[in-house]
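First up is the structure itself, then whatever we jot down about it.
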Amino acid sequence: PHHGSSTAGIVGSVRGPGELSLAHRGLLFLDELPEFDRRSLEALRQPLEGGVVILSMARGRVALPARFQLVAAMNPCPCGFDGDPDRPCGCHPSDRRRYRGRLSGPLLDRFEVRVTMGRRDGADDGRVADADAPRSARVGAEPSAAVATRVARARAIALRRQRVPNAALAGPALASLALDADARDLLAAARQRTAIGERGVDQVVRVARTIADLAGAEAVMGDHLVEALAFRARPWHDDDHGERAW
Ligand SMILES: [Zn+2]
941 PHHGSSTAGI
951 VGSVRGPGEL
961 SLAHRGLLFL
971 DELPEFDRRS
981 LEALRQPLEG
991 GVVILSMARG
1001 RVALPARFQL
1011 VAAMNPCPCG
1021 FDGDPDRPCG
1031 CHPSDRRRYR
1041 GRLSGPLLDR
1051 FEVRVTMGRR
1061 DGADDGRVAD
1071 ADAPRSARVG
1081 AEPSAAVATR
1091 VARARAIALR
1101 RQRVPNAALA
1111 GPALASLALD
1121 ADARDLLAAA
1131 RQRTAIGERG
1141 VDQVVRVART
1151 IADLAGAEAV
1161 MGDHLVEALA
1171 FRARPWHDDD
1181 HGERAW
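For the sequence shown, the numbering used here assigns the number 941 to the initial residue and increments by one for each residue that follows.
Written as structure tokens, this is what we have:
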């Protein structure tokens, strides 16, 4: 959906299901995330937790299915150049703060994987201007077909092991995953030294399990856990540090 969509169009109304339900069992992509109406953004939290959206109608409440994979994109600031190695950001710090502040902490917390991408160079060769970008992005990306094969294989491994995809792991099934000693130590350290919280720990373990499956590893190892923790990093580093705990 476009960020100009009404909250009723996103959530659903007496006229019919909204985008959240239309994306059921599929993928919901929200481009320019901070530009969406605040009510639409906050309405994402319920389906992300429970897979349903509850609509209040004149005759009572209606629950519609809304279990989707959420992918969203945003600029680092209104002008889009904050953090760019070649062009300075022209935004006032307060404008940057206001822009990022449209996304609440609890909503951002629902994103299990957060990736900062650099601007692409003019030539369409897959190279990225940001020197911090992953190596694969700088030297020419892997073709999508190869990635799809790898993902399908990892997914099959997960389904064979536990009958549900890693994203659906919770409670005892999540707690019983095999982590090696390194991974356990790192997780314990993250619990102690950061404000990661129990939800954050669960997210990190699910992501680490997926990274391990992509690598064909039996147990989750230290490296997998480190990578999963890195995906929780703040997407921007600047003037408002300390304001939001990622
Ligand atoms: Zn800017």
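The beta carbon of each residue, even a glycine, is placed where N, CA and C say it ideally should be.
Bridge partners - residue i, DSSP secondary structure assignment
| i | result |
| --- | --- |
| P1046 | In the DSSP output, where bridge partners are listed per residue, P1046 has none listed. |
| A1121 | BP columns for A1121 are empty, so no partner. |
| Q1009 | L967 |
| R1001 | S996 |
| P957 | G952 |
beta-carbon residue i near ligand 1 non-hydrogen atom, thresh 6 angstroms
| i | result |
| --- | --- |
| D1026 | no |
| D1163 | no |
| F1051 | no |
| F1008 | no |
| D971 | no |
| R1122 | Just to set this straight, residue 1122 is Asp in the shown sequence, not Arg. False, no ligand heavy atom lies under 6 angstroms from that Cβ. |
| D1022 | yes |
Sub-7 angstroms separation of residue i and residue j beta-carbons
| i | j | result |
| --- | --- | --- |
| L967 | Q1009 | yes |
| G1162 | D1122 | yes |
| Y1039 | P941 | no |
| I1237 | A1129 | Absent from the model: residue 1237. The displayed extent of the chain is 941 to 1186, so no value can be given. |
| G958 | G949 | yes |
| S946 | A1006 | no |
| L995 | G952 | yes |
| L1126 | L1165 | yes |
| L1169 | R1146 | no |
| R1054 | L988 | no |
| A972 | H943 | First, the amino acid is wrong: residue 972 is Glu here, not Ala. Result yes, Cβ atoms of E972 and H943 sit closer than 7 angstroms. |
| V1139 | N1106 | Looking at the sequence provided, one finds Arg at residue 1139 rather than Val. No; because the gap between Cβ atoms is not below 7 angstroms, this pair is not in contact. |
| L1119 | V1160 | yes |
| Q986 | E1052 | no |
| V993 | L1004 | yes |
| P1016 | C1031 | no |
| A1113 | Q1102 | yes |
| C1029 | D1035 | no |
N-terminal and C-terminal residue of the alpha helix (DSSP H) that residue i is part of
| i | result |
| --- | --- |
| L1165 | G1162 to A1170 |
| A1099 | Reading off the sequence, residue 1099 comes out as Leu, not Ala. Here the alpha helix (DSSP H) through L1099 covers S1084 to Q1102. |
| I1151 | G1137 to L1154 |
| S980 | R978 to E982 |
| A1107 | Where A1107 is concerned, there is no enclosing alpha helix (DSSP H), given that its DSSP letter is neither H nor E. |
| S1034 | P1033 to G1041 |
| E989 | R985 to G990 |
Residue range of the unbroken beta strand (DSSP E) whose run includes residue i
| i | result |
| --- | --- |
| S946 | First-last for S946: undefined, no H or E at that position. |
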